Amino acid sequence: MIKLFIDGAAVEVPEGTTVFKAAEQAGIALPHFCFHPAFAPEGTCRLCLVQIEGSPKLELSCSTVIREGMKVVTQSPAVGEARRGVLEFLLAEHPLDCPICDKAGECKLQDYSRDYGLTESAFREFKEKRDKKVAIGEKLLLDRERCIQCTRCVRFLAEVTKTHELGVFERGVRTEIGILDGVPVQNGYSGNLVDLCPVGAITDTDFRFKTRPWFLSRAESVCPHCGRGCNIYVDYHPGLPRVPGSAKVFRIRPRTNEAVNGPWICDVGRYGYVRAQNAGRSDRPFWNKDGAKTELGWDTAMAILGDKLRALVDAGRADRVAVAATSWLTNEELFLVKKIFRDDFGSGRIVLCDPRPGEGDDFLRRPDRTPNARGARELGFDPAPPALEALARGTEVLILFGPHIAEHFRPAELRAALDGIAVKVLVTPHLTGLEGLMDGVLASATPAEKDGSFTNFEGRVQPFAAAARPCPDVRSELEILAALAGSLGLRPDYYGRLTTAAAVRRELAKEIPFFGARA
Amino acid sequence: MTKAPQVLTEFFWLEQLPRIEAYVARGGYEALKKALAQMKPDEVHDEVRKAGLRGRGGAGFPAGVKWGFIPKGTDKPKYLCVNADEGEPGTFKDRSILSHDPHLLIEGIVLTSYAVGIHAAYVYIRGEYEMIARRLEGAIDEARRAGFLGRNIFGSGFDLEIVVHRGAGAYVCGEETALLESLEGKRGNPRLKPPFPAAVGLFQCPTVINNVETLANVPFIIRNGAPWFLDLGVPKDGGTRIFGVSGAVAKPGLYELPSGTSLREIIFTHAGGIKDGRKLKAVIPGGMSSPILRADEIDVHMDVDSVAAAGSMLGSGGIIVIADGTPILQVLRKVAAFYAHESCGQCTPCRLGTSWIHKTVERMAAGRGQAGDVDALLRLAANIQGRTLCPLGDAAAMPVAAIARKFRTELESGLDRAGVRP
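This is the structure in structure tokens:
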């Protein structure tokens, strides 16, 4: 460990640490544009300058490596003047169109300008006119007037995705970012450029002009779109409901976790929320009776299902229930499925029915299309698609979690097999057409709307909390399962405790060593 | 006046000099033969170190010291890069060596490579010097055929190949790390230092980068010894310099004179004084980036340390003479336009500062100057100087600040007057 002094306070950091990181450790955030922890120091924005005793000039904190006994001053008249100088230069050629800029409110240039008190400009010249709307990728627009040439975008594509779509063109004040060889950014990770851009130069057509960052609340969550389990922020609007009583999700951003996803997420995870949260949702339970669809309130729908199951139990045919779960469910929900239907109902027909795997890549994306395949495996579910006949034969009540069974069987086949089952209920957040074969549908919550945990492909159990609120007649699968256990009067001393994800997770850790070791 | 000693340029009059026969006939490659036969690499290095050879490219760093920064016992290949990207306005000395005496450079390259243990040298030559580049390539072929290059030079077991690489026209590629980037086939942006090229240079390997004129001095140092060389100049800056005198003098051209010759003597004795009976107004002493000197400031010795003490820079030795009748604003316009055009654009103060200065100066020239413009220029220059990634920022800021400071009255008297000659 090396000891140095930052603004008079002693700091101890490992050898090879930069002044910037040492300051960060001491709780001092130094202003910066070009520096990003994922890349080697670039040293071009010149904003992170600090004073180092014995050095005639100001030094870059991002690239200067600490020495024993070094004395660093991060705030001084000379440092302030240099930083103001840099900001003044940047603002001189900046369009100052914050009122119509998506980045306003979370823009580093805005923040630092306020920090350093820059409100008036000495610039008496004409600003450069540049392109304001250059399509550089599928959902990416580049505003060259706002660009401050930090080149984070260029370096991301060179160092992280290694796809090199963007480059620096021209030089001097004419310097601009552009696409090389006319090939736009389309590599499955393009949305990260929007997060990386410290100003509003690269904006996302998906988010553009929809809301203002200061209206959004931020919740920590885990991406459900593959087995990686990237850590994310769900940015939602608490005051602007999709339908009364719900909260609207506006965007997904990466939440840095070096062990899982670093500071990045893929575009599927980033833009998947549109479908996951908003498109094709089932908002209310309904029951098909004699071919007519009747929308029901939550309590009524649950009462009907409860009655059907109670009838089986009363008739001593509790094992005639079959359940197809999915690894879209949380560890806690899958655990309850097993406990209730295998242990208490005694059914031998508890299977897993997942979507077919897709393609992965050599970076973050995994081929599995669900967030909790590993969790399901650890809970004893067989990942192979179920045999339809075995699932259906002798079954009187079938509960499907998720509509994925339709991916594995032809419609006629499915219809024929399910026809003989008296009661068929689908629990799903999305309607995909399978509901026509069902007797009832219970609308369930998406991962962003519930508490729980997923186990990623490496066996990392990642708890998360609900970010958005679902519609009033929508419940999480955990709530549905707990309510069923309650209304059927199953072991009240056991299930009575298991009404929250946290409580189920504690029980899970107690009963299954895999989860116990990771609690 | 005694005739100044000529070293580098002594045989420039010889029309056949670029041919190897003529070069050998006047004693060429003798130093190389001597070094390879009688001297160890360290002895060659020591001789250059003792000779006080300062870099001729602009920064004036002692060449022998620079070579000493190459790590000893590295298992990586080492490279020599010859900076022939002569781009500093007012500078035209390296082209004279390259075109009149290419073998002198080649001999300097081989000696330097031998001293440092280098087996591959690259000459990064300004793209506009096409004819010169071809001549150099011809000379390299001749030297290789004669056994002065290639494998086992003079039977000594020492190998060296030289490659000529043409630049593409960016001033910034004369900055040593931008030169390396460009040579590697990338955009010519200066690198963040440290690491310095001596440790991590071309292709990530230890690299020496020297200017053409610097290397051209090495054969003479080896042939005549360090004391002889030191004796030519001043104690910390040995040898001669090829000063390029341009502008309002009677006899513009190249003058090889001892380091430390007075600027007044160069202008008034050698270059024939100011032409057309005009009076001296100002001198830019070492290429455009060196701070301007007023007419009353030219009693300065032209060696690295003396010019620095006078508040300017010996730089590349390109002396630009400005006579009465030339509006200083016109000089300022050229300076501002050049650096705004040549800034690579990667770091904030240089990219935007040079452009801001240029816009302000152009507005002043268009007759729309305002009170406070001169102070604004000084403030802008101060916001650039010392705060950029590479020396181009300083090179842009220093001349602007010097002109604004020393010619404030003239600049301000013109502020309210439209129509300065475009």
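These protein sequences, in sequence, are chains U and F.
Going left to right, the first sequence walks through residues 1 to 519 as my numbering numbers them.
Going left to right, the second sequence walks through residues 1001 to 1422 as my numbering numbers them.
Built from N, CA and C at the ideal position, the CB exists for glycine as well.
Nothing here was measured: the structure is a model prediction, and the numbers come from that model.
Between the stretch 199 to 211 of chain U and the stretch 107 to 127 of chain U, the count of C-beta pairs closer than 8 Å reaches three or more; the two stretches touch.
If you compare the alpha carbons of F:A1178, F:L1036, F:L1104 with that of P1391 (chain F), the shortest gap goes to F:A1178. Within the same chain, Cβ atoms closer than 7 Å to the Cβ of V234 (chain U) are found at A219, S221, V249, I252, A448, A467, A468, the five residues on either side in sequence being excluded. Annotated as distal: L1352 (chain F) and A122 (chain U), with beta-carbon spacing of 8 Å or more. Taking a 10 Å sphere around the C-beta of G1157 (chain F), we find fewer than 16 other C-beta atoms and assign the residue as exposed. Within the same chain, D235, Y236, H237, F250 come within 7 Å of L216 (chain U) by CB-CB distance, once the 5 residues on both sides are set aside. When Cβ pairs closer than 8 Å are counted between the two stretches, the stretch 1234 to 1244 of chain F is seen to touch the stretch 1044 to 1056 of chain F, the count reaching three or more.
A check of alpha carbon separations from S444 (chain U) across U:V461, U:D419, U:E477, U:A416 identifies U:E477 as the nearest. Looking at the backbone, the Cα of A279 (chain U) and that of C226 (chain U) are separated by about 19 Å.
Excluding its 5 nearest sequence neighbours in each direction, A503 (chain U) has C-beta neighbours in its own chain below 6 Å: R497, listed in chain order. Around the C-beta of F209 (chain U), fewer than 16 other C-beta atoms lie within 10 Å, and the residue is accordingly described as exposed.
In this structure, the beta-carbon distance from P1399 (chain F) to V1335 (chain F) falls below 8 Å. Rounded to the nearest whole angstrom, the C-alpha separation of S1343 (chain F) and F20 (chain U) is 27 Å.
Excluding sequence positions up to five before and after E1181 (chain F), its CB lies within less than 7 Å of the CB of R1187, G1188, N1189, R1191, all in the same chain and listed in chain order. Under the 10 Å beta carbon count, I100 (chain U) is surrounded by fewer than 16 other beta carbons and is classified as exposed.
Shown here, V1218 (chain F) sits in a helix according to DSSP, grouped into three states.
The stretch 309 to 317 of chain U and the stretch 426 to 437 of chain U do not touch, with fewer than 3 CB-CB distances between them shorter than 8 Å. Contact note: L58 (chain U) reaches chain F through G1386, R1387, using a C-beta cutoff of 8 Å and chain order. The beta carbon of L109 (chain U) sits no closer than 8 Å to any beta carbon of chain F. According to DSSP, residue pairing for Q51 (chain U) in a beta bridge involves U:V73. Between E81 (chain U) and R281 (chain U), the alpha-carbon positions lie close to 55 Å from each other.
When the alpha-carbon of P472 (chain U) is set against those of U:G459, U:L334, U:F454, U:L442, the nearest one is in U:L442.
For Y1124 (chain F), the pairing in a beta bridge is given by DSSP as F:N1083, F:H1165. Closest in C-alpha terms to I6 (chain U), from the list U:Q51, U:F33, U:A38, comes U:Q51. Per DSSP, reduced to three states, the secondary structure at T1409 (chain F) is helical.
For N1211 (chain F), the enclosing beta strand (DSSP E) stretches over residues 1207 to 1211. In this structure, the CA atom of D1276 (chain F) is about 8 Å from the CA atom of A1250 (chain F). Taking C-beta separations shorter than 7 Å and ignoring five residues to either side along the sequence, the partners of T446 (chain U) in its chain run A276, Q277, P429, following chain order.
In the DSSP assignment, W1356 (chain F) falls within the alpha helix (DSSP H) that extends over 1348 to 1365. Annotation: F1154 (chain F) is outside any alpha helix (DSSP H) and is labelled neither H nor E by DSSP.
Counted as a single uninterrupted DSSP element, the stretch harbouring F515 (chain U) is not any beta strand (DSSP E) but the alpha helix (DSSP H) occupying residues 513 to 516. In this chain, the alpha helix (DSSP H) harbouring N1383 (chain F) covers 1373 to 1384. Between the stretch 1266 to 1276 of chain F and the stretch 1110 to 1120 of chain F, the count of C-beta pairs closer than 8 Å stays below three; the two stretches do not touch. Per DSSP, the beta-bridge partners of E1256 (chain F) are F:I1242. Taking CB atoms only, T44 (chain U) has a neighbour in chain F less than 8 Å away. A384 (chain U) and R369 (chain U) have their alpha carbons spaced roughly 14 Å apart.
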